[in-house]
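Here is the structure we will look at, set down as C-alpha cells.
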Amino acid sequence: MSAATDQASRATREANSERGKAIANILFNAGLAALFVGLFMEAGDLPSSMWEPLGAGSFPRLVLGALVLFNLAIMCQSMIELRRADPASSVGAGRWFIQRRLAFASLAAFCGYALLMPWLGFALASLLFLFIVQIILGARSGRRLLMACAVSAVFGPGLDALFGQVFMISLPQGRLW
Amino acid sequence: MPMTDALLASVEQLFSLATLVSMMIGVMAGVIAAAIPGFTITMAIVLALPVTFTMSPLQGVATMLAVYVGGGSGGLISAALLGIPGTPSAVATTFDAYPMARKGEPGRALALGIWASFFGALISAVVLIIAAPPLALIAVKLGPWEYFSLILFAVTVVASLVGKSVLKGLMMSLLGLFIATVGQDPMMGVPRFTFGIDVLAAGIPFLVMLIGIFAVSQLASEVENPTETKQGKALVGGKMHFQPFGVMREVLSRPGNLLRSSMVGVVIGAVPGAGGSIANLIAYDQAKRASKTPEQFGTGIADGVVASESGNSATAGGGLIPMIALGIPGSAVDAVLMAALMVQGVSVGPRLIMDNADLVYGMFLAMFLAAGMVLVFCLVSMRWFIRITEIPKSVIVPVVLVCCAIGALALNNRITDLYLLVGVGLVGYLLAKLDYPLAPLVLGVILGPIAETNLRRALMADENWTLFFTRPISAMLLLLAVLSVALTVRRLLKQRRIANS
C-alpha cells in the first residue's frame, strides 16, 4: 500500500469513527458523573477543622461538583455530534478494535509483563516481553528476528545488570528463584 | 570582599580542571537523564547530590547547576523524537517539535530546541545577575491568593491550548486536580479516597501518571498501523539533516518570541512552587497569542519550539533568584541545590551574597558555562541522538516501554507502581482515542496540592473570599484565566463557522 493510499484510508477511518466516539463519550461521561456523585457524597464525610474554614473535604467537593457539570456538558455536546454523524458509514466497535489490534496486543503484553515481573524478576520478564512484542510487531524471520534476540538480551538482563551494578538501583529479582 | 576580587576568586575556582570535568559530566548526566521518560531533572540532581559532598562548595554547586541546565535541554530530545516529554517542563515542546519531526525534519526540530534552550538559559543568567534582588522581592510578596490564581490561570491556559474542545480540556484539568486529592490531605493529614488500599495512602505518584499518560499511551498509538509497523518503518522518517548554524540564524530571527518566552521563564521560575512545568506552557501560549498565524501552532512550526524551549530553560536562572536573595527555593531542584550548600556549611539567605560573594558570582558564571557546555555537548552528540529515529518501531516501542517500567519501579521500588503505570497507560490511550487532551490532566495532578494548600491558607488567613478578586495581582491572573478560555472559545467558534461555510 502506498503512503498516500494509507494516509487516505486512515483519514476515512478516523472520519468514520465519529459516531462511535460520540456514543463512547456519552457512556464514559455518564459513568464518570455517577462515580463523581458517589465520591462527592463520600467527601462530605471527611472531617472539618476548627482552625480553618475549609476542611479536608471542601476542595475535593468543589472539584467533583465542577467535574459533574463538565461531564453533563460533554454529554450534551456528544449527543449533538451523534445526531450529526452518519450512521451508514460508521465503523463498529469490533472493527475499531481490530484496526488497532497491534496497539492493544502490545498493551496486553505490557500488562502480562507487569503481572509476571514479581515472579520472574525484571531480567527474565523484560527479556520475554521484549522478544514477544517485537514478534507481535513484525520481527518474525531472518535479520529482524536475530536483532530481536539481541535487543531482548541487551535491554532485559543488560539493563538489570546496569541498574543493579552501576546505579545501585535494585530491580525485582523474582520470587521463583 | 570587593566585587572584582570576588569575581576573580570565583573564576579561579570555576576554571580549574576538576570543576570543568565534573561540570561536563553533570551536563551529560542531566541531558541523558531528562531525555529518558520518567527520569526527571529532580531525580538526576538528587542522585548527583551525594557525589558533591566531597567537592568544594563552588565545585559542588556548579556540578549540580550543570545537571540542572543539562536537564532543561534533555527533555527536548524525547519530546521531539518520540512525542514523549522527558520531563514535565517539555510538555509544550511536544506540541510543535514532534509534528515537525514527523513531517521529516527531526534535525531541525532538535537544533531549534537546542539553540532556543541555550539562548533562554543565557538570557535568564543575565537577568539573574541584574535583577535578582528586586525580582525576589516581588515574588516573595505573592500571597496564597495570588498563588491559587496563578495555578488557576496555568490550568485554564493549558486546557484551552491543547485539543479540539475546551470543555474536554477543562474536564481533564479538573480530573487531574481531583486525582491529586487522593491520599493524605495536605493540611490535616487525613486520608482521602484511599478506600483502605495501601498504595493509595501516599497518593498517586505524579511521575507514574506522567509516564503512563504520555509515554505508554503515545507508544501504543505509534503501533496502530499494522502495515507501517510490520514493514519495520522507523518512528520518524524523512531527511535527517542537522544544520545547527543555519538553524541558529532561524532562532535569532525571532528576537521577540525568544526574549518574551525567556522572560516568562525567568518570572515564572522566580515564583516559588511554579517552575518549568508551567513556564513552557505559558511561554507557548503567549507566543501563540502574539503570533499573526496562531492557527499554525501545533502543526510543527519553529515559533512553538522556540517559545517552549527558551521558556523552560530560562526557569533555571529564575529559580535561583529567590534562593540567592532570600533563601527560598523556587522549585524542588532549587531546594536540592540549597541542601547541597547547607551540607557544605554555607548558610543560604539574604546574607549569602555578602558573606560568600565569590560563591554567588561563581554560581552566576557557572550558569553561563553550563549553558555553553550543554550547547557544545548537544551539538556534538545530536547526530547520534537523531539515529534513534532510524530504529524501527518494532524495536523502539518495546525498549522504551521497558525504560518506562524502570522509571516507575526506580521511584519507590514498588511493584504496585508498575501496575498503576499499566492501568494509567491503558486509560490514557483510550482517552487520547476519544480526543481528550492529556497534558491538562498531568498538569492538574502536579499543581493540585499547591492549589489546594494555597486556597485553604488564603481562607485561613482571611475568610473573606472576595480578596481573590480585590487583590490586584490575583484579580489580574483570574481575569487572564477567564480571557484565555473566552478567547479560545471564540477562536474555535470562528474556525467552526469557517469550516461550515
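Line by line, the protein sequences give chains A and B. Quick note, my numbering runs 5 ahead of the 1-based positions in the first sequence. Quick note, my numbering runs 524 ahead of the 1-based positions in the second sequence. From the three backbone atoms N, C-alpha and C, an ideal C-beta is built for every residue, glycine too.
Query                                                                                                                        : Result
Top-ranked residue by Cα proximity to A807/B, from V615/B, V867/B, K692/B, F539/B                                            : V615/B
Status (buried if at least 16 other CB within 10 Å, exposed otherwise) for I737/B                                            : buried
Residue ranges of each alpha helix (DSSP H) within the segment 127-158 of chain A, 4 or longer                               : 147-158
Pairwise C-alpha distance: R626/B and E86/A                                                                                  : 30 Å
Residues, ordered as in the chain, of the segment 701-721 of chain B that lie near chain A by beta-carbon distance below 8 Å : L701, F702, T705, D709, M711, M712, V714, R716, F717
Own chain, CB closer than 6 Å to A13/A, minus 5 neighbours either side, in chain order                                       : Here A13/A scores only 44 on pLDDT, less than 50, and its place in the model is too uncertain to base an answer on.
At least three beta-carbon pairs within less than 8 Å, the segment 710-720 of chain B to the segment 46-61 of chain A        : yes
Euclidean distance between Cα positions of V1009/B and S684/B                                                                : 6 Å
Within chain B, the residues that C116/A reaches when beta carbons sit closer than 7 Å                                       : V946
Three-way DSSP call (helix, strand, coil) for Q537/B in this model                                                           : helix
G212/A at chain B interface by Cβ criterion, 8 Å                                                                             : Because chain A in this structure spans residues 6 to 182, residue 212/A falls outside the shown range and cannot be described.
Nearest neighbour of A108/A, chosen from M887/B, T751/B, L1003/B [CA to CA]                                                  : T751/B
Spatial distance of A999/B from Y671/B (CA atoms)                                                                            : 11 Å
Bridge-paired residues (DSSP) for R716/B                                                                                     : G707/B
Cβ-based neighbour list, L582/B, same chain, cut-off 8 Å, excluding 5 preceding and 5 following                              : S534, Q537, L538, T543, D882, L883, G886, M887, A890
Where V1006/B falls, given that 16 or more other Cβ within 10 Å makes a residue buried                                       : exposed
The segment 928-956 of chain B: positions lying closer than 8 Å to chain A by Cβ                                             : A929, I930, L933, A934, N937, I939, L942, Y943, L945, V946, G949, L950, Y953
At least three beta-carbon pairs within less than 8 Å, the segment 640-658 of chain B to the segment 963-981 of chain B      : no
Any chain B beta carbon closer than 8 Å to P123/A                                                                            : yes
Range of the contiguous alpha helix (DSSP H) that encloses A739/B                                                            : It is not in any alpha helix (DSSP H) - A739/B carries neither H nor E in the DSSP assignment.
For P729/B: DSSP bridge partner residues                                                                                     : DSSP, once it has assigned bridges, lists no residue as partnering P729/B.
Separation of P574/B from V870/B, as counted between CA atoms                                                                : 16 Å
Beta strand (DSSP E) runs contained entirely in the segment 51-109 of chain A, provided each spans 3 or more residues        : none
Residues near L44/A in its chain [Cβ-Cβ closer than 8 Å; skip 5 each side]                                                   : P65, L69
Chain A contact for E748/B (CB, 8 Å cutoff)                                                                                  : yes
Alpha-carbon spacing of S832/B relative to M787/B, whole angstroms                                                           : 12 Å
Contact set for D91/A: own chain, Cβ-Cβ below 8 Å, skip 5 residues either direction                                          : R24
Euclidean distance between Cα positions of M772/B and A1023/B                                                                : 37 Å
For P609/B, the three-state DSSP class (helix, strand or coil)                                                               : coil
Within chain B, partners of W56/A - CB distance below 8 Å                                                                    : M984
Helix, strand or coil at P177/A according to DSSP, with G and I counted as helix                                             : coil
Sheet register partners of P964/B (DSSP bridge)                                                                              : According to DSSP, which records beta bridges pairwise, P964/B is partnered with nothing at all.
Spatial distance of A158/A from L132/A (CA atoms)                                                                            : 6 Å
Cross-chain neighbours of L698/B in chain A, by beta carbon under 7 Å                                                        : V68, A71, L72, F75
CB contact below 8 Å: L979/B versus chain A                                                                                  : yes
Option in L666/B, F769/B, A826/B with minimal Cα separation from L899/B                                                      : F769/B
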